[in-house]
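Protein chains: 2
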Amino acid sequence: MNKIGYLGPKGTFTEMAAVSIFAGEELVPFETIPACMDALAAEDIDRAVIPLENTIEGSVNMTLDYLIHKHNLPIIGEVTVPIEQHLMVHPSRAEQWREIEDVYSHPHAIAQCHDFLTDILPGASLHYTNSTSAAAEKLHDDPSMNAAAVANVLAAEQYGLTIVNENVHDYENNHTRFVVLAQEASMELQPAASRTGDKTTLMVTLPSDFSGALHQVLSAFAWRKLNLTKIESRPMKTGIGNYFFVIDVDQLMDDVLLPGAVAELEALGCGVRILGSYPCLFSVEEIESTEKKPIPK
Amino acid sequence: MNKIGYLGPKGTFTEMAAVSIFAGEELVPFETIPACMDALAAEDIDRAVIPLENTIEGSVNMTLDYLIHKHNLPIIGEVTVPIEQHLMVHPSRAEQWREIEDVYSHPHAIAQCHDFLTDILPGASLHYTNSTSAAAEKLHDDPSMNAAAVANVLAAEQYGLTIVNENVHDYENNHTRFVVLAQEASMELQPAASRTGDKTTLMVTLPSDFSGALHQVLSAFAWRKLNLTKIESRPMKTGIGNYFFVIDVDQLMDDVLLPGAVAELEALGCGVRILGSYPCLFSVEEIESTEKKPIPK
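So the protein lines, in turn, are chains Y and H. Just so it is clear: in the first sequence, position 173 is 173 by full-length UniProt numbering, and no numbers are missing. Just so it is clear: in the second sequence, position 94 is 94 by full-length UniProt numbering, and no numbers are missing.
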């Protein structure tokens, strides 16, 4: 059995991502992204699952900073998880949920459900917890509270709460990307069912003349008909005026086109580092044995 | 006196940003980014200061989502604040700070100081609070705790704590960008001292063929020698395969070049929206009457 580290606590979207691809393995929650990456570098764990894009649990900047400046840990997979927040209460309060006086959740989750909370529970007081699952745990521990939590389906299961209103977040189509890191590059993650494509992530440094040089960089991809799915500029830590780019290409490393683009970029004076070449997986929400209950609206 | 809304609570980096440009005005903390923007749209406040880039307090995705999908509130200024985290204790414990047993802070701040805490205070237990300033408040309220907080200089002042170790974050050159929003475009923010430049932020939508079309978009800027300082692709909320770009140009809207680039992009079939054209300000850390104490190392 492998040890899979992830950004905890239990009951968060990162755990949902980890469970969806590593069911049956030993899952080990870590308190912070750097602690999880350090453990992987030290070989205390075999794989790490951490958020790459901005989410209520983590920070893209932190993950990228540590991937680029501190560790050389290849990305071996990406997992996209739909961010679906639900309103949940202790089962004894499910009938009278409209009368609840207090709502608990992580500050970002409260913000994501701003319109719902303002419209449907205008009189409720809002209280912050350190994670969405901590809010669910609180309600589980003290059934006497006339309160609801905003959290995900995993937290509802874990703490025996009843979901009384599904998808209470303001915007649809919210997804968060998590990456799976390993000590060495690997193509082990290939479950056909949930595979949505492949990706190669490059870090390209560009010492000066941002717009002209970036235009050149994109030429190297455009004339080879290599499709990009993401481009993001980030300032180097070394000073103002130096940038690097994180570029996602929608295919695995091949023998001709991608190596050709990389060679062309290096000839232009750019630095190129391949952060990973890996399959993209999609995590469906219904994990394990969730028994669906009818939802009163 | 104007009412300036900002993402609270008091003692956070967002308050530092707000104080640095709106000293003397009435500052009103809001619990969430959407609540602050709603209040501005409803004219309950005159200006709003919210984080635009990823930070321990907020989320770029949320700010951009609400700016693009919900409100039409122009950016009238940008404030960059250096993110400097310090280790602080109750004054009665300043001598024995190396013996503290517990460290309190926001989870992202704890993560940002991972190396320092692992090296210097390996035996201390880590505890999470909802904001860095909440950690400082906790120590202020209960001097009997043998504990330290990781927070900023404003929180140390506000809660009368002694900074025993400065700049305990792992990476230097951490800055966070905040934006000032108003109901209407304005050039009112022009304090010469801290002005580092100007910026125009465009949202460009690109229906298909990401890499080829983006290459064309950049041509419109490159041949006019318009310098970009940031480019970021984001998926539209309407479905997979549609993207928009947030592009920063390092100058104010002019009469010829920028309107020419916009017209060219529109002729190529892109949608263009100007999110703001505004001065960039830099917030120095020493605000108000901070009395510097010697720092034991």
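The C-beta atom is built at its ideal place from N, Cα and C for all residues, glycine as well. The structure presented is a predicted model; accordingly, all values stated were derived computationally and were not measured.
Exercise. Going along the chain, which residues of the region 196-218 of chain H sit with their C-beta nearer than 7 Å to a C-beta in chain Y?
Worked result: Within the region 196-218 of chain H, those residues whose Cβ lies closer than 7 Å to any Cβ of chain Y are, in chain order, 210, 211, 212, 214, 215, 218.
Exercise. From this set, H:166, H:247, H:102, which residue's C-alpha is nearest residue 272 (chain H)'s C-alpha?
Worked result: Measuring from the Cα of residue 272 (chain H), the nearest candidate turns out to be H:247.
For this session: Using a Cβ cut-off of 7 Å, pull out every chain H residue sitting near residue 227 (chain Y), in sequence order please.
Result: Here the neighbours are 210, 211.
Problem set entry | Exposed unless 16 or more other CB atoms sit within 10 angstroms - verdict on residue 93 (chain H) | With a 10 Å radius around the Cβ and a threshold of 16 neighbouring Cβ atoms, residue 93 (chain H) comes out buried.
Exercise. For residue 251 (chain Y), which residues of its own chain have a beta-carbon under 6 Å away from its beta-carbon, when the five flanking residues on both sides are left out?
Worked result: Hits under 6 Å: 198.
Exercise. What's the C-alpha gap between residue 225 (chain Y) and residue 219 (chain Y)?
Worked result: Approximately 10 Å between the Cα atoms of the pair.
For this session: Go through the UniProt domain "ACT" (202-279) of chain H residue by residue and report every complete run of the alpha helix (DSSP H) that reaches 4 residues or more, in order.
Result: As far as the UniProt domain "ACT" (202-279) of chain H is concerned, its whole alpha helix (DSSP H) runs of at least 4 residues are 210-222, 257-267.
For this session: Return the CA-CA distance between residue 215 (chain Y) and residue 216 (chain H), expressed in angstroms with no decimal places.
Result: Annotation: residue 215 (chain Y) to residue 216 (chain H) spans about 9 Å, alpha carbon to alpha carbon.
For this session: Give the straight-line distance between the Cα atoms of residue 89 (chain Y) and residue 7 (chain H), rounded to the nearest whole angstrom.
Result: When only Cα atoms are considered, residue 89 (chain Y) and residue 7 (chain H) end up about 28 Å apart.
For this session: With a threshold of 16 other CB atoms inside 10 Å of the CB of residue 112 (chain H), please say whether the residue is buried or exposed.
Result: With 16 or more Cβ atoms within 10 Å of its Cβ, residue 112 (chain H) is classed as buried.
For this session: Could you tell me the boundaries of the alpha helix (DSSP H) in which residue 157 (chain H) lies?
Result: Annotation for residue 157 (chain H): the continuous alpha helix (DSSP H) segment containing it runs 153-158.
Problem set entry | Identity of the residue in H:42, H:10, H:12, H:67 nearest residue 180 (chain H) by Cα | Out of H:42, H:10, H:12, H:67, the CA that lies nearest to the CA of residue 180 (chain H) is found in H:67.
Exercise. Which residues does DSSP pair with residue 45 (chain H) in a beta bridge?
Worked result: Bridge partners of residue 45 (chain H): none, in fact.
For this session: In the DSSP assignment, find the beta strand (DSSP E) that holds residue 105 (chain Y) and state where it starts and stops.
Result: Residue 105 (chain Y): member of the beta strand (DSSP E) spanning 102-105, first to last residue.
Problem set entry | Cβ-based contacts, 7 Å cut-off: residues of the region 20-41 of chain H near chain Y | So the list reads 31, 32, 33, 34, 35, given in the order they occur along the chain.
Exercise. Name the residues in the region 116-133 of chain Y whose C-beta lies less than 7 Å from a C-beta of chain H; which are they?
Worked result: Against chain H - using a Cβ distance shorter than 7 Å - the residues of the region 116-133 of chain Y are 126, 128, 130.
Exercise. Is the CB of residue 232 (chain Y) under 8 Å away from at least one CB in chain H?
Worked result: Residue-level contact check: residue 232 (chain Y) touches chain H, since one or more beta carbons of chain H fall below 8 Å from its beta carbon.
Exercise. Tell me which same chain residues have a C-beta within less than 6 Å of the C-beta of residue 172 (chain Y), skipping the five on either side of it?
Worked result: Excluding sequence neighbours, residue 172 (chain Y) sits near nothing in its chain.
Exercise. Residues of chain Y with CB under 7 Å from residue 222 (chain H), in chain order?
Worked result: Under the 7 Å cutoff, chain Y gives 211, 212, 215.
Exercise. Does the Cβ of residue 141 (chain H) have 16 or more other Cβ atoms within 10 Å, making it buried, or fewer, making it exposed?
Worked result: It is exposed - the Cβ of residue 141 (chain H) has fewer than 16 other Cβ atoms within 10 Å.
Exercise. Would residue 196 (chain H) be called buried (16 or more neighbouring beta carbons within 10 Å of its own) or exposed?
Worked result: When all chains shown are included, residue 196 (chain H) counts as exposed.
Exercise. Quick one: complete beta strand (DSSP E) runs, 3+ long, within the region 82-122 of chain Y?
Worked result: The beta strand (DSSP E) runs lying completely inside the region 82-122 of chain Y and spanning 3 residues or more are 86-89, 102-105, given in chain order.
Exercise. If you compare alpha carbons, which of H:156, H:45, H:244 is closest to residue 208 (chain H)?
Worked result: Nearest C-alpha to residue 208 (chain H): H:244.
Exercise. Counting only beta-carbon atoms, is residue 259 (chain H) nearer than 8 Å to chain Y?
Worked result: Closer than 8 Å: no.
For this session: Hey, could you find the ends of the alpha helix (DSSP H) residue 21 (chain Y) is sitting in?
Result: Counting along the chain, residue 21 (chain Y) sits inside the alpha helix (DSSP H) bounded by residues 13-22.
For this session: Kindly list the residues whose CB is nearer than 7 Å to the CB of residue 63 (chain Y), restricted to its own chain and excluding five residues on each side of it in sequence; keep chain order.
Result: Apart from sequence neighbours up to five positions away, the residues of its chain that approach residue 63 (chain Y) with a beta-carbon distance below 7 Å are 33, 50, 51, 52, ordered along the chain.
Problem set entry | residue 132 (chain Y) and residue 109 (chain Y) closer than 8 Å at C-beta | For residue 132 (chain Y) and residue 109 (chain Y), yes; Cβs fall inside 8 Å.
For this session: Would you grab the beta carbon distance between residue 233 (chain H) and residue 222 (chain Y) for me? Rounded to a whole angstrom, and I think it's under 8 Å.
Result: Between residue 222 (chain Y) and residue 233 (chain H) the Cβ distance is about 15 Å, and since that is not below 8 Å, they are no contact.
Exercise. Residue 123 (chain Y): buried (16+ other C-beta within 10 angstroms of its C-beta) or exposed?
Worked result: Flag for residue 123 (chain Y) reads exposed.
Problem set entry | Own chain partners of residue 96 (chain Y) with C-beta closer than 8 Å, once the 5 adjacent residues on each side are dropped | Result list for residue 96 (chain Y): empty, nothing under 8 Å.
For this session: Kindly give me the distance between the Cβ atoms of residue 185 (chain H) and residue 76 (chain H), rounded to whole angstroms, as I take these residues to be in contact under 8 Å.
Result: Between residue 76 (chain H) and residue 185 (chain H) the Cβ distance is about 7 Å, and since that is below 8 Å, they are a contact.
Exercise. To the nearest whole angstrom, what separates the beta carbons of residue 231 (chain Y) and residue 231 (chain H), a pair I think is in contact under 8 Å?
Worked result: Between residue 231 (chain Y) and residue 231 (chain H) a beta carbon distance of about 6 Å is seen, short of the 8 Å cut, so the two are scored as contacting.
Exercise. If we cut at 8 Å on Cβ distances, does residue 110 (chain H) have a partner in chain Y?
Worked result: Interface residue (Cβ-Cβ distance to chain Y less than 8 Å): residue 110 (chain H) is classified as such.
For this session: Could you check the C-alpha separation between residue 194 (chain H) and residue 74 (chain H) for me, to the nearest Å?
Result: Annotation: residue 194 (chain H) to residue 74 (chain H) spans about 21 Å, alpha carbon to alpha carbon.
Problem set entry | Residue closest to residue 85 (chain H), alpha-carbon to alpha-carbon, out of H:253, H:11, H:281 | Nearest option by C-alpha distance: H:11.
For this session: Within the same chain, show all residues whose beta-carbon is closer than 7 Å to that of residue 25 (chain H), passing over the 5 residues directly before and after it, in chain order.
Result: The residues are 1, 2, 4.
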